[in-house]
Amino acid sequence: MLIGGALSYIGYTKDMPWSPEAYWAFLFVMLGVPILGHIASIIAYIWYPINREFYRKMYDDLQENAGGSNEAGIPSVGRISLNETV
Numbered sequence: 076m077l078i079g080g081a082l083s084y085i086g087y088t089k090d091m092p093w094s095p096e097a098y099w100a101f102l103f104v105m106l107g108v109p110i111l112g113h114i115a116s117i118i119a120y121i122w123y124p125i126n127r128e129f130y131r132k133m134y135d136d137l138q139e140n141a142g143g144s145n146e147a148g149i150p151s152v153g154r155i156s157l158n159e160t161v
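Written as structure tokens, this is what we have:
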């Protein structure tokens, strides 16, 4: 949809030969959009709430609930293993 939108924005039709505008629109959608998405995800990791301590608490809570279900009624998948260096 992005490629179609970008090409229709510049007035490209299916019988039209490739123009510099079509080339750059295609290049931006195929390379620029994924690059911008990766940059946005890297920036989002700055505010990602799970750090080592939070992860350890989640892990310990899962271990306590192993074999049963948690407060939300979600069944546990059993005991999980975690490398102690984490």
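In this text, residue positions in the sequence shown follow the working numbering: the first is 76, and each later residue adds one.
Every residue, glycine too, gets a C-beta built ideally from N, C-alpha and C.
Straight-line Cα distance separating residue j from residue i
i, j, result
"residue 125", "residue 137", "15 angstroms"
"residue 107", "residue 127", "33 angstroms"
"residue 121", "residue 130", "16 angstroms"
"residue 86", "residue 132", "55 angstroms"
"residue 114", "residue 123", "14 angstroms"
"residue 84", "residue 134", "50 angstroms"
Contact check, residue i vs residue j, beta carbons under 8 angstroms
i, j, result
"residue 104", "residue 81", "yes"
Near the ligand FAD: residue i beta-carbon under 7 angstroms from a heavy atom
i, result
"residue 95", "This structure lacks the ligand FAD; in fact it carries no ligand of any kind."
Other residues of its chain near residue i: CB distance less than 7 angstroms, five sequence neighbours each side excluded
i, result
"residue 78", "101 and 104"
Same chain, Cβ closer than 6 angstroms to residue i, neighbours up to 5 away in sequence not counted
i, result
"residue 96", "85"
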